[in-house]
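Colleague: With full-length UniProt numbering as the guide, the letters of the sequence shown map in order to residues 1 to 162.
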Amino acid sequence: MEIIFVLAIIAILTAAILPPALERITEAKVDGSIGQAQMILQICEIARTKALTTSVDAQGRYTHTYGSLDNWASTTVLQSKLTTNYHIPTKNALDTQILVKFDAARCYVAVDLPFLQSDYGGYLTETVGGKTRVIVTARIKNSAYPSWVVNQKRILHDEETR
Numbered sequence: 001m002e003i004i005f006v007l008a009i010i011a012i013l014t015a016a017i018l019p020p021a022l023e024r025i026t027e028a029k030v031d032g033s034i035g036q037a038q039m040i041l042q043i044c045e046i047a048r049t050k051a052l053t054t055s056v057d058a059q060g061r062y063t064h065t066y067g068s069l070d071n072w073a074s075t076t077v078l079q080s081k082l083t084t085n086y087h088i089p090t091k092n093a094l095d096t097q098i099l100v101k102f103d104a105a106r107c108y109v110a111v112d113l114p115f116l117q118s119d120y121g122g123y124l125t126e127t128v129g130g131k132t133r134v135i136v137t138a139r140i141k142n143s144a145y146p147s148w149v150v151n152q153k154r155i156l157h158d159e160e161t162r
């Protein structure tokens with residue numbers, strides 16, 4: 001009889017304590033995954049700005065060719081655009097695949113959350129499969145020069161850079 005009473009008390013305590021503890025664990029995993037995405041973002045910037053080929057025309061103007069990653073892809077695709085000096089994980093703390101993409105302006109790293117919530121932590125979000133995808137990205141860096149100076153330099157050098 002006493003054992004049943006003790007087990008009932010343990011069950012009640014477990015029911016009261018377990019959900020908040022699991023919520024805190026999930027929140028810590030999300031924060032860790034977003035932090036990991038911010039680290040991968042720096043590596044993605046290296047791949048985005050790495051010139052694949054460079055050619056010089058008769059007037060001495062340089063033309064650079066950059067890689068592209070327009071759609072969400074696994075970090076293994078990003079790894080293939082870099083040297084072997086970089087080790088990029090494929091899964092995050094939430095055990096979901098880390099996705100990356102980039103354009104001429106910046107890189108994007110996605111963290112798929114196990115729940116649906118808009119505006120998570122002030123990051124860009126989108127809904128994918130009924131769950132939230134947090135998109136970690138860097139702000140576009142502005143030059144220390146006024147925009148007209150930057151444009152004049154590009155015209156003078158006839159160069160498009162990332």
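By construction, the Cβ of each residue, glycine as well, lies at the ideal position given by its N, Cα and C atoms.
Figure out for me which residue from D57, T53 and D95 has the closest Cα to the Cα of residue 176.
Modeller: The structure shown does not extend to residue 176, since the chain is modelled only from 1 to 162, so the question has no answer here.
Colleague: List the residues that DSSP assigns as beta-bridge partners of T125.
Modeller: Bridge partners of T125: V134.
Colleague: Does DSSP classify D31 as helix, strand or coil?
Modeller: In this structure, D31 counts as helix in the three-state DSSP scheme.
Colleague: In angstroms, rounded to a whole number, what distance separates the CA positions of E45 and L124?
Modeller: Rounded to the nearest angstrom, the two C-alpha atoms are 18 Å apart.
Colleague: Have a look at A138 and F5 and give me their C-alpha separation to the nearest angstrom.
Modeller: Their backbone Cα atoms lie some 56 Å apart in a straight line.
Colleague: Is it true that the segment 14-21 meets the segment 31-42, where meeting means three or more beta-carbon pairs spaced less than 8 Å apart?
Modeller: With a cut-off of 8 Å, the segment 31-42 and the segment 14-21 do not count as touching, because too few Cβ pairs lie within range.
Colleague: Which residue's Cα is closest to the Cα of C107: A21, T26 and L41?
Modeller: If we check each option's Cα against that of C107, L41 comes out closest.
Colleague: Taking only runs of the beta strand (DSSP E) that begin and end inside the segment 44-74, which ones reach a length of at least 3 residues, in chain order?
Modeller: You should have 51-56, 62-66 and 69-74.
Colleague: Name, in chain order, the residues that DSSP records as bridge partners for K101.
Modeller: DSSP output for K101 lists Y108 as bridge partner(s).
Colleague: Do you know offhand how far T127's Cα is from L116's?
Modeller: If you take the alpha carbons of T127 and L116, they lie about 7 Å apart.
Colleague: With three or more C-beta pairs closer than 8 Å as the rule, is the segment 55-71 touching the segment 91-101?
Modeller: Contact holds: three or more Cβ-Cβ distances are below 8 Å.
Colleague: Between the C-alpha atoms of P89 and I9, what's the straight-line distance to the nearest angstrom?
Modeller: Spanning the two alpha carbons is a distance of roughly 43 Å.
Colleague: Note down, in chain order, each residue of its chain lying with its Cβ closer than 6 Å to the Cβ of R48, except the 5 sequence neighbours on either side.
Modeller: These residues qualify, in order along the chain: F102 and C107.
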